[in-house]
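One gets my numbering by counting positions in the sequence shown from 1 and adding 47 to each. Single-structure report; data block below.
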Amino acid sequence: MLCTAANRVFLRTGLSFSSHNTRQIWSRSSFSLGKSTVAPFSNPEITMNRSYSKPSTAELAQAGDSKSIREQEDPFPEARVLARKYAVEHGYDLTSMWEENIAWGHLDSFRHLNNVHYVRFFETSRMHMMYLIGLEINGAQGAKAVLEGHGVSIILKSMDVKFKRPVTYPDNLVIMQRPHNTSSSRFTLSAVAYSLAQRAPVASSEAVCVWYDYDVWKKCDVDESTGVGLAIAKRAHKPTGKD
Numbered sequence: 048m049l050c051t052a053a054n055r056v057f058l059r060t061g062l063s064f065s066s067h068n069t070r071q072i073w074s075r076s077s078f079s080l081g082k083s084t085v086a087p088f089s090n091p092e093i094t095m096n097r098s099y100s101k102p103s104t105a106e107l108a109q110a111g112d113s114k115s116i117r118e119q120e121d122p123f124p125e126a127r128v129l130a131r132k133y134a135v136e137h138g139y140d141l142t143s144m145w146e147e148n149i150a151w152g153h154l155d156s157f158r159h160l161n162n163v164h165y166v167r168f169f170e171t172s173r174m175h176m177m178y179l180i181g182l183e184i185n186g187a188q189g190a191k192a193v194l195e196g197h198g199v200s201i202i203l204k205s206m207d208v209k210f211k212r213p214v215t216y217p218d219n220l221v222i223m224q225r226p227h228n229t230s231s232s233r234f235t236l237s238a239v240a241y242s243l244a245q246r247a248p249v250a251s252s253e254a255v256c257v258w259y260d261y262d263v264w265k266k267c268d269v270d271e272s273t274g275v276g277l278a279i280a281k282r283a284h285k286p287t288g289k290d
């Protein structure tokens, strides 16, 4: 269940969202077709008046217009600001926000994001949070231990997912989460997937996470005043707005 945070772009407090290597077509190019007639048993006339409504990324690169390229490849800068505002208003942890790029292959035959992917995205975001906590407490060795299943970390007891809106391509989802009901043995992790294309939450989850010692394969208790217990307690923000 462990997912690495390598080659992903994550957010830290006070920083804006990264483009996450987004390479998507935001607006579909339209064709302007000239008139053509097809006579019986003849080859159709091929119009020479076809043109894209916007220059391609390759054409912009040849022209040296890097700003326009960035604008085409990243259609969500304003939506990221709104996503961060939503996170602040609802008490989500800003240090562990995770942006997931929706690929064409994520869609199912109903032409929307398949439901199983939400669970994977929430899982990745959850482990990203624990990776950052390991890094915060014990540096690179602590982060490595979390990803490789050594020492004290969390194990998932249960998870409930609610779907609010269908997601289509292109889109990016920002996964944000907040711990609550913390104790020495477990805590609940609320998470939401926020669509940058729709500028709204599209799914939410409630996960019960149990503290677990992977060196002895047993549940354990943690001290909430130090170490991982304190790190989770610090992230247990209270919302300032309505869900």
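Just so it is clear, CB atoms sit at the ideal spot from N, CA and C, and this is done for glycine as well.
Three-state secondary structure (DSSP) at residue i?
{"i": "S272", "result": "coil"}
{"i": "Y144", "result": "In the sequence as presented, Tyr is not what sits at residue 144; that position holds Met. Correct three-state label for M144: coil."}
{"i": "I202", "result": "strand"}
{"i": "N162", "result": "helix"}
{"i": "T171", "result": "helix"}
{"i": "Y259", "result": "strand"}
{"i": "W264", "result": "coil"}
Quick check: what's the CA-CA separation for residue i versus residue j?
{"i": "A130", "j": "D140", "result": "12 Å"}
{"i": "G138", "j": "R225", "result": "7 Å"}
{"i": "D270", "j": "V257", "result": "14 Å"}
{"i": "L182", "j": "A247", "result": "31 Å"}
{"i": "N148", "j": "M176", "result": "18 Å"}
{"i": "P213", "j": "N162", "result": "9 Å"}
{"i": "Y165", "j": "A280", "result": "25 Å"}
{"i": "A190", "j": "V239", "result": "24 Å"}
{"i": "V263", "j": "S156", "result": "44 Å"}
{"i": "H159", "j": "R167", "result": "16 Å"}
{"i": "L194", "j": "S232", "result": "20 Å"}
{"i": "S230", "j": "A283", "result": "11 Å"}
{"i": "V249", "j": "E120", "result": "23 Å"}
{"i": "N228", "j": "A278", "result": "14 Å"}
{"i": "T235", "j": "R173", "result": "11 Å"}
{"i": "A254", "j": "K132", "result": "23 Å"}
{"i": "G186", "j": "A192", "result": "10 Å"}
{"i": "T171", "j": "Q188", "result": "20 Å"}
{"i": "P122", "j": "E146", "result": "14 Å"}
Could you name the residues of the same chain whose beta carbon sits closer than 7 Å to that of residue i, not counting the 5 residues immediately before and after it, in chain order?
{"i": "Y261", "result": "G196, H197, G198, S200"}
{"i": "L179", "result": "T142, S143"}
{"i": "S252", "result": "F169, M206, D207, V208, A238"}
{"i": "I93", "result": "Since pLDDT at I93 reaches only 41, below the 50 mark, its modelled position is unreliable, and no value is offered."}
{"i": "G274", "result": "I184"}
{"i": "A134", "result": "L141, M144, M223"}
{"i": "C267", "result": "V199, W258, Y259, D260"}
{"i": "S272", "result": "none"}
Keeping to the same chain, check which residues put their C-beta closer than 6 Å to that of residue i; ignore five residues upstream and five downstream.
{"i": "G276", "result": "V269, D270"}
{"i": "T215", "result": "H159"}
{"i": "F210", "result": "A250"}
I'd like the list of long-range same chain contacts for residue i, defined as Cβ closer than 8 Å, with 5 residues on each side in sequence excluded.
{"i": "K265", "result": "Y259"}
Exercise. Between the stretch 217 to 231 and the stretch 192 to 206, do three or more beta carbon pairs fall short of 8 Å?
Worked result: no
Exercise. Three or more C-beta pairs closer than 8 Å, one from the stretch 122 to 134 and one from the stretch 242 to 249: is that the case here?
Worked result: yes
For this session: Would you check if there are 3 or more beta carbon pairs closer than 8 Å linking the stretch 192 to 199 to the stretch 151 to 160?
Result: no
Exercise. Which full runs of the alpha helix (DSSP H) of 4+ residues lie inside the stretch 190 to 256, going along the chain?
Worked result: none
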